[in-house]
Every structure is written in structure tokens, then in C-alpha cells.
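Everything on this sheet refers to the single structure shown next.
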Amino acid sequence: MSMPLPSETTPEHAPALDKGRAAFRLVQGLAAELSAGRLSLPSLPEVVLRIQRTLADEDCEAEQIAELIASEPTFAGAILKLGNSVFYRRSGAETTSIVTCIARLGLPMVRSASMHFAMQQMREAEEFRSIRHLLQPEWESGQVCAGVCHSLARKTRRAHPDDMLTLGLVHNIGRIYLISRGAEFGDNDAAVGMNELFDEWHPVVGSAIAESWNLPEQAVQAIAQQTTPDAEQDFAHDINDLLGLAVALAAVRENAEAVAAAASTPAAVRLGVNEAALAAVVEDAREFSELLVY
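Numbering of the sequence shown is given in my numbering, commencing with residue 39 and proceeding in unit increments.
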């Protein structure tokens, strides 16, 4: 899918940027790489790729997936934690069987959990060690937004909750990528002060990454248009509203008045959620997000 470049921040449209500054050089490089289709994008861990390929096979069996999961102890522990949680265990007893947990979670949730594992691996990558203080807010934002996306989808029934969980996790992957690229210019804090640039570019970069990770087309488009005003969106879908509202709720989740005020936004109105529903979504998301910590 061809992604339009942010017109106001391409070099020829950025007179406010000093050509000697890191911001201008970053924009110049990104514009050239995106235009040529050679942007170097982060890849998923091999075990996640193998799980995704296996899940794509309609004849795959839980035992095959369990074997792959068991090859990564951290991921296996996460699956066991989810499968034994009150969200999925229901009346069943606790188990140490990955196969049983897969049956409880369902394949869509296993796929989403594999993406969460991928994000955790990226978070701990050595290449990000020197800029962890810059990336920490983004990792936290992704995790919180994932919980809200999942809860909001359950409440509205407008999308599969597990698919929305993945979308929430990676909605800001473009910012994570841009911060890491920005730090390449000058010292490790070179990315500080580039927020305006990141705000402009992260949807198009994030959607390119999502596409390279084989996320569904609707998810790719939702990431691409997450900051685009409603009237200017060329791809209208419920998940656009779900993601936009989830991002807004995640940002104000500790402010009850702000959460209530979100009920009057166009997205909330279209989704049919009132103040009470949004308060319940935020509380449910808080509990669910705790399961994503391991």
C-alpha cells in the first residue's frame, strides 16, 4: 500500500526547519526512504513469525502452536498467566498446560499475545538501552491503549476485542521508530524537541511498519489515519473510531470528568457509548492491562 507523505514536513515544505538541525536531516532521510520504498523497518522475532504462519494455516492444531510457544519461556509464562486469569479461566481449574490455555484464549488472542511478546522483546532490545528514558512513555502508552481498545471493543461489539488489543499495542509504533531514528542525530537526547515532527510523521511510518508485519488492512488504515480529522478520512470504519476514542481515553483515564466528557465526542456518539459505559470501559481496561505485564 502506498502511503502519502506528510506534506507539511517534507523538506521542500519545511522552511521553519534549520537545515543544520537534526530534525531537518531526519525529515530529509525519511522522505527519501519512504518515497523510494526502502525504509528500514523493525522485524518481528522469529518465534512470532512462526506462530503467525502456523495460525494462518486453517488446519493448524493447538499442539503445534503450544510447541512453538514453549520454545520461548517468557512467552509461555504470559500465555499461562492469561489462560489462568479470571478473564479466561471461568470456572475451570488452574492449569500448567499451554494447550489448555490456548483453548481458553482462542487463536485470535494467541495471535495478539504473540504481538505483545514481540513488543516486549523490542522494548528490552540492547539497541534501545541508551534511549529507554525516551521510549518508556511510548511503551506504557501502547500497553494502556491496548487494554482500553480491548475493553471498548467488548463493550461496543464493533470489532473483535483481540484484534483491537493488537491495534492498541502498535498504534504508536511509528513514534517509537522515529524516536530511535531521531536519537541517531547528535547525542541520545537529540529526539527531545522533535515532538511536532513525530506527531506529523508517526501515523504514516507506523502504518508502513504495521503493513510490513502483515496486520489486517483495516488496522493499517486506522494507524495511518489516527490523527486525521473525520471529514478528511478516506477510509471510514468502526475501528477508526474505536482506536481514536481508546487513545483519548487512555490519555485521561485518571480524570473521571475528562472520561465522562469523552462521551460527547463524535466517535463515542457513533459507537453508542455514554458516560457510564466509558467509565466501565476504563475500569475494565485497568484490570485487563495488568495481565499484560510480565
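Using N, Cα and C, we set each Cβ at its ideal position, and we do this for glycine too.
- Minimum Cα-Cα distance from L280 among the listed residues Q159, V242, A318 and L190 corresponds to L190.
- Around the C-beta of H154, 16 or more other C-beta atoms lie within 10 Å, and the residue is accordingly described as buried.
- Judged by DSSP secondary structure, S168 falls outside any alpha helix (DSSP H); it is assigned neither H nor E.
- If you draw a straight line from the Cα of R196 to the Cα of A286, it comes to about 18 Å.
- Residue environment: N122 is assigned as buried (16 or more neighbouring CB atoms within 10 Å of its CB, all protein chains considered).
- When the beta-carbon positions are compared, I261 and P80 stay at least 8 Å from each other.
- If one requires a minimum length of 3 residues, no beta strand (DSSP E) run lies completely within the region 123-195.
- Looking only at V297, S109, R213 and K119, the smallest Cα-Cα distance to L316 is reached by V297.
- With a contact defined as Cβ atoms closer than 8 Å, A323 and G180 miss out at about 13 Å.
- With a cut-off of 8 Å on Cβ pairs, the region 164-175 is in contact with the region 213-221, counting three or more such pairs.
- Secondary structure note for N278: its alpha helix (DSSP H) is the uninterrupted segment D276 to V290.
- Take the alpha-carbon of A141 and the one of A100: they are about 8 Å apart.
- The count of Cβ pairs closer than 8 Å, one atom from the region 196-213 and one from the region 147-161, reaches three, so the stretches are in contact.
- For M160, the closest C-alpha among the options F326, A314 and L207 is that of L207.
- Residue burial annotation: N293 is exposed, with fewer than 16 other C-beta atoms found within 10 angstroms of its C-beta.
- A distance below 8 Å between beta-carbons, with the five flanking residues on each side excluded, links L143 to the following residues of its chain, in chain order: I117, L120, G121, Y126 and A151.
- A check of alpha carbon separations from A314 across D268, A299, N278 and Q264 identifies A299 as the nearest.
- L309 is positioned such that its CB atom lies closer than 8 Å to that of L283.
- If you look at N293, you'll find it isn't in any alpha helix (DSSP H); DSSP assigns it neither H nor E.
- Taking C-beta separations shorter than 8 Å and ignoring five residues to either side along the sequence, the partners of V319 in its chain run V186, S189, L190, K193, L287 and V311, following chain order.
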